[in-house]
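A.B. asks: Have a look at the structure that comes next, please.
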Amino acid sequence: DTAVSQTPKYLVTQMGNDKSIKCEQNLGHDTMYWYKQDSKKFLKIMFSYNNKELIINETVPNRFSPKSPDKAHLNLHINSLELGDSAVYFCASSLWTSGNTGELFFGEGSRLTVL
Amino acid sequence: AQKITQTQPGMFVQEKEAVTLDCTYDTSDPSYGLFWYKQPSSGEMIFLIYQGSYDQQNATEGRYSLNFQKARKSANLVISASQLGDSAMYFCAMREGRNTDKLIFGTGTRLQVFP
Chain V
-15 DTAVSQTPKY LVTQMGNDKS IKCEQNLGHD TMYWYKQDSK KFLKIMFSYN NKELIINETV
45 PNRFSPKSPD KAHLNLHINS LELGDSAVYF CASSLWTSGN TGELFFGEGS RLTVL
Chain L
-7 AQKITQTQPG MFVQEKEAVT LDCTYDTSDP SYGLFWYKQP SSGEMIFLIY QGSYDQQNAT
53 EGRYSLNFQK ARKSANLVIS ASQLGDSAMY FCAMREGRNT DKLIFGTGTR LQVFP
């Protein structure tokens, strides 16, 4: 069973289009994240949600809109795609409680290519 | 200022030898956590090891150990008895404080293990 699954794994689209990436975790975690990994492999947090509530929004353009229908799902919708949006987008989840390290469990990544 | 610095863009090691991957961090918060992740060429992010700022002992997980030097603000990853399958990108990351779930990543080190 895949713990954190995201779809699609690959996405190729034209500039100006709108696209979504879906993420689901079956670990019972209460916090979910979106990270962006650029072509130089740098990983940067975009958003985090805790129990469906937005906790972190890291100066991401408002073309990016996360949506968390429940604590097991966190989707990412991107409007008016630009060339610079090409990257690998990782979904992750964690359960941060006393006595727990709170490490992130990552999905396999979704490689977005904007032409 | 960079919160997490990995000064080695690439490292080579011969199979069965040990290798140390460097990581220094910058924080004024007395409570923090340090993580190492491995990213093989297949792209997934794999959690390796965790060190809490108040942990008295250096963390170990199988062939991975963390050389934690608090005064120097360094958290180097030591991989003993390297295997060909250890070839990957390695990321150091930090969570600052008790009330955040945000992990900040370094730029990574690409490790290549040769026979």
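Each protein sequence line maps, in turn, to chains V and L.
Read in the working numbering, the first sequence has 76 at position 92, and its numbers run on one by one without any break.
Read in the working numbering, the second sequence has -4 at position 4, and its numbers run on one by one without any break.
Glycine included, each C-beta is placed from N, C-alpha and C at the ideal position.
For chain V, check one thing: does any of its Cβ atoms lie closer than 8 Å to the Cβ of R55/L?
C.D. replies: In the second sequence, counting from the first residue as 1, residue 55/L sits at position 63. R55/L does not count as touching chain V.
A.B. asks: Residue range of the beta strand (DSSP E) that Q104/L falls in?
C.D. replies: Mapped onto the second sequence, residue 104/L falls at position 112. Run containing Q104/L: 101 to 106, per the beta strand (DSSP E) assignment.
A.B. asks: What does a CB cutoff of less than 8 Å around L88/V pick up in its chain, not counting 5 residues either side in sequence?
C.D. replies: In the first sequence, residue 88/V corresponds to position 104, counting from 1. Same-chain partners within the cutoff: Y17, A76, S77, S78.
A.B. asks: Pull up the DSSP beta-bridge partners for I38/L, would you.
C.D. replies: By one-based count along the second sequence, residue 38/L stands at place 46. K30/L.
A.B. asks: Assign K24/V to one of two classes, buried (16 or more other C-beta atoms within 10 Å of its C-beta) or exposed (fewer than that).
C.D. replies: On the first sequence, residue 24/V is found 40 positions in, with the first residue counted as 1. With fewer than 16 other Cβ atoms within 10 Å, it is exposed.
A.B. asks: Given 7 Å as the limit, tell me if D18/L has its C-beta closer than that to any heavy atom belonging to the ligand NAD.
C.D. replies: This structure does not include the ligand NAD; it has no bound ligands of any sort.
A.B. asks: Is there a C-beta anywhere in chain V that falls below 8 Å from the one on G89/L?
C.D. replies: Translated into positions along the second sequence, residue 89/L becomes position 97. For G89/L, the answer is no, since every Cβ of chain V falls outside 8 Å of its Cβ.
A.B. asks: Using 8 Å as the Cβ pair cut-off and three pairs as the minimum, do the region 24 to 33 of chain V and the region 3 to 21 of chain L touch?
C.D. replies: Cβ pair count under 8 Å is below three, so no.
A.B. asks: Consult DSSP for G25/L and reduce its assignment to one of helix, strand or coil.
C.D. replies: The residue given as residue 25/L occupies position 33 in the second sequence. Assignment of G25/L by DSSP, reduced to helix, strand and coil, places it in the strand class.
A.B. asks: Looking at chain L, is there any beta carbon in it that lies within less than 8 Å of the beta carbon of R78/V?
C.D. replies: Here the question's residue 78/V lines up with position 94 in the first sequence. Note on residue identity: the sequence assigns Ser, not Arg, to residue 78/V. With 8 Å as the cut-off, S78/V counts as an interface residue toward chain L.
A.B. asks: So, does the CB of L88/V fall closer than 8 Å to a CB anywhere in chain L?
C.D. replies: In the first sequence, counting from the first residue as 1, residue 88/V sits at position 104. Yes, L88/V counts as interfacial toward chain L.
A.B. asks: Quick one: Cα of I(-8)/V to Cα of T99/L, how far?
C.D. replies: Against the first sequence, residue -8/V aligns to sequence position 8. Against the second sequence, residue 99/L aligns to sequence position 107. Note on identity: in this sequence residue -8/V is Pro, with Ile being the wrong assignment. Near 26 Å, if we compare the C-alpha coordinates of T99/L and P(-8)/V.
A.B. asks: Thinking just about the alpha-carbon of each residue, which of S74/L, D78/L, W28/L, Q(-6)/L is nearest to the one in A85/L?
C.D. replies: Here residue 85/L refers to the residue found at position 93 of the second sequence. When each option's Cα is compared against that of A85/L, the closest is W28/L.
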